[in-house]
Amino acid sequence: MTPEEQFKNLIGHAKEYGFVFQSSEIYDGLSAVYDYGQNGVILKNRLREYWWRAMVQVHDNIVGLDSAIFMHPTVWKASGHVDAFNDPLIDNKDSKKRYRADVLVEEAIAKQEAKIQKEVDKGRAKWGESFDEAQFKATNPNVARIQAKINDTEERLRLSLENADFKALQQLILDLEIVCPISGTRNWTDVRQFNLMFSTEMGAVSGEGGTLYLRPETAQGIFVNFLNVQKSGRMKIPFGIAQTGKAFRNEIVARQFIFRMREFEQMEMQYFVAPGSELEWYATWKAKRLAWHHSLGLGADKYRFHDHLKLAHYANAACDIEYQFPFGFKELEGIHSRTDFDLTRHEQFSGRKLRYFDTESEASYVPYVIETSIGLDRLFLATLAAAYTEEKLEDGSERVVLRLPAFVAPVQVALLPLIKKDGLPELARQIQNSLRFRFLTQYDEKDSIGKRYRRQDALGTPVCLTIDHQSLEDHCVTLRHRDSMQQERIPIAQIHAALEPLLSIESALAGLVG
Ligand code: GAP
1 MTPEEQFKNL IGHAKEYGFV FQSSEIYDGL SAVYDYGQNG VILKNRLREY
51 WWRAMVQVHD NIVGLDSAIF MHPTVWKASG HVDAFNDPLI DNKDSKKRYR
101 ADVLVEEAIA KQEAKIQKEV DKGRAKWGES FDEAQFKATN PNVARIQAKI
151 NDTEERLRLS LENADFKALQ QLILDLEIVC PISGTRNWTD VRQFNLMFST
201 EMGAVSGEGG TLYLRPETAQ GIFVNFLNVQ KSGRMKIPFG IAQTGKAFRN
251 EIVARQFIFR MREFEQMEMQ YFVAPGSELE WYATWKAKRL AWHHSLGLGA
301 DKYRFHDHLK LAHYANAACD IEYQFPFGFK ELEGIHSRTD FDLTRHEQFS
351 GRKLRYFDTE SEASYVPYVI ETSIGLDRLF LATLAAAYTE EKLEDGSERV
401 VLRLPAFVAP VQVALLPLIK KDGLPELARQ IQNSLRFRFL TQYDEKDSIG
451 KRYRRQDALG TPVCLTIDHQ SLEDHCVTLR HRDSMQQERI PIAQIHAALE
501 PLLSIESALA GLVG
């Protein structure tokens, strides 16, 4: 099965099992807007909780915030979003389809990278055990030629974006002979700028003065509250403020399911540090965030860092943590060294001092900031994509299983009485009631036990407990593990203790701290 087919199946599965629905589906949907169903909302909440607790509970010096979506319009002038939060767009004159010009180039680069990977795979197949990938890449002439082309393209892209030189960007698209995927032609318009913020009006005031923006990032809510939190919490630098919440962007290219949405959720943390120490903290947070991702168990080999070619207007260092989604390596989280840009700008625009007084050195300064910013919906997609597996079993049958991290699964324990009588449902309910306030449980008595296991596998339930006639006598149940399908008999009195390390967020957090 091709990755595209697998991805299509995943989207179908997400709908069938109540994870993700198209928004306003009965009206044919709203493009790039999605709703989370009865299971999706739990998975999303638990991913958010895992992030939140890893920030706010694990660190003494990180506190939370929940700022409003609407903010004073000057915030967005100060932050640079009114003037500079633009994407370069280009239209194909034949298909009338609109694209992000930089994304077209990045996709062309990805194609070249795939060619290198093909050469590497061929080399590995030929040389087997003795294959040295680094040496092969350094010496193979085909790889060298393709790599040189990639380097040249990346440099031209970087320069054109940095200088806002849209003629050069258009020329790059023409030189790379990029065609529109719909029309197949190279009949492109000029490249133009497009501001991504949604605007609306507040109260009865209309026109310029009354224009509000739906926040395109949650970060600014943190910056404008920097002093409120610092003073009321008596925070000492270095310290962080974490926030989760909705953000809105009028994306030009909105596809790949919930990867790029117009309404989405961010989980951001701004870490305020002394000037001059920011690059050290930047390296620290890169390592910490990668370790957090690894702790989810989505596959350590599926992450890589990607340094930004073009630094945003506020950054002196920036990278993405990319994840290997079904459609290739793409940004999952951004880590940015934002300097003192934001606080300084808010000082200038508000006329208020946003400084920190260091009691030891008796100096007052505008702190520098390291930001970690992850999209919750992208994390959700990465989790679902890593979990979704179509398996052929030894007996020739097939199953679809969601290998979700057990501590974020929407149903963690299924209670399954073997049959619907003889006191088995009552015992199953009794066990469920003893577990329901600690774990997410589901009771299911419909259909054969085999069918019920399949249903729970497809939902991602890590543990099934089967209650049979013997349970009434020996006070034991059968515990079935989702991934291995192994079964073991355990005493009812020991269920709680057996499940705790497997299913609790606390166990995962403890693993993170080490
Ligand atoms: N405050 C910094 C900031 O917003 P960003 O790289 O533009 O930086 C951070 O966004 C993260 O938000 C991204 O890594 C991505 O996970 C998520 N994100 C951005 N745009 C998104 C969109 N249209 N749909 C879903 N997630 C998005």
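With the working numbering, the residue at position 382 of the sequence shown is 382, and numbering never jumps. Ideal Cβ placement from N, Cα and C applies to all residues, glycine included. In this text, all values refer to a predicted model and were calculated from it rather than measured experimentally.
Report the partner residues of residue i according to the DSSP bridge assignment.
i, result
"residue 266", "245 and 375"
"residue 17", "According to DSSP, residue 17 bridges with nothing at all."
"residue 201", "211"
"residue 188", "92"
"residue 64", "242"
"residue 392", "398"
Would you say residue i touches ligand 1, meaning its beta carbon is less than 7 Å from a heavy atom?
i, result
"residue 375", "yes"
"residue 16", "no"
"residue 334", "yes"
"residue 378", "yes"
"residue 256", "no"
"residue 100", "no"
"residue 106", "no"
"residue 264", "yes"
"residue 331", "yes"
"residue 260", "yes"
"residue 219", "yes"
"residue 268", "yes"
"residue 249", "yes"
"residue 371", "yes"
Skipping 5 residues on each side, what residues in its chain have a beta carbon closer than 7 Å to that of residue i?
i, result
"residue 504", "407"
"residue 75", "220 and 224"
"residue 489", "476 and 478"
"residue 380", "43, 44, 47 and 258"
"residue 316", "337 and 339"
Applying the 10 Å Cβ sphere with the 16-neighbour rule, what's the burial state of residue i?
i, result
"residue 193", "exposed"
"residue 330", "buried"
"residue 470", "exposed"
"residue 444", "buried"
"residue 87", "buried"
"residue 273", "buried"
"residue 314", "buried"
"residue 529", "The requested residue 529 does not occur in the structure, where the chain is confined to residues 1 to 514."
"residue 385", "buried"
"residue 496", "exposed"
"residue 202", "exposed"
"residue 184", "exposed"
"residue 182", "exposed"
"residue 451", "exposed"
"residue 448", "exposed"
"residue 346", "buried"
"residue 413", "buried"
"residue 189", "exposed"
"residue 460", "buried"
"residue 513", "exposed"
"residue 244", "buried"
Using a Cβ-Cβ cutoff of less than 8 Å, which residues in the same chain neighbour residue i once the five nearest sequence positions on both sides are dropped?
i, result
"residue 165", "159"
"residue 61", "235, 236, 238, 239 and 240"
"residue 149", "112"
"residue 120", "133, 136, 137 and 143"
Where do the ends of the alpha helix (DSSP H) carrying residue i lie?
i, result
"residue 27", "Looking at the DSSP string, residue 27 is not in any alpha helix (DSSP H), and its letter there is neither H nor E."
"residue 450", "449 to 459"
"residue 221", "219 to 224"
"residue 306", "Not the alpha helix (DSSP H): residue 306 falls in the beta strand (DSSP E), residues 303 to 307."
"residue 102", "101 to 127"
"residue 131", "Taken as a continuous stretch (DSSP letters only), residue 131 belongs to no alpha helix (DSSP H), as it is neither H nor E."
"residue 501", "495 to 503"
"residue 166", "166 to 175"
Quick one: what's got a C-beta closer than 6 Å to residue i's C-beta in the same chain, skipping five residues either side?
i, result
"residue 116", "143 and 146"
"residue 487", "478 and 480"
"residue 320", "306, 331 and 334"
"residue 286", "335"
"residue 168", "160"
"residue 400", "390 and 458"
"residue 372", "269, 285, 289 and 335"
"residue 70", "212"
Along the chain, where does the beta strand (DSSP E) containing residue i start, and where does it finish?
i, result
"residue 70", "No beta strand (DSSP E) contains residue 70, which DSSP labels as neither H nor E."
"residue 86", "86 to 91"
"residue 46", "Not the beta strand (DSSP E): residue 46 falls in the alpha helix (DSSP H), residues 40 to 52."
"residue 491", "487 to 491"
"residue 338", "328 to 339"
"residue 480", "476 to 481"
"residue 323", "317 to 325"
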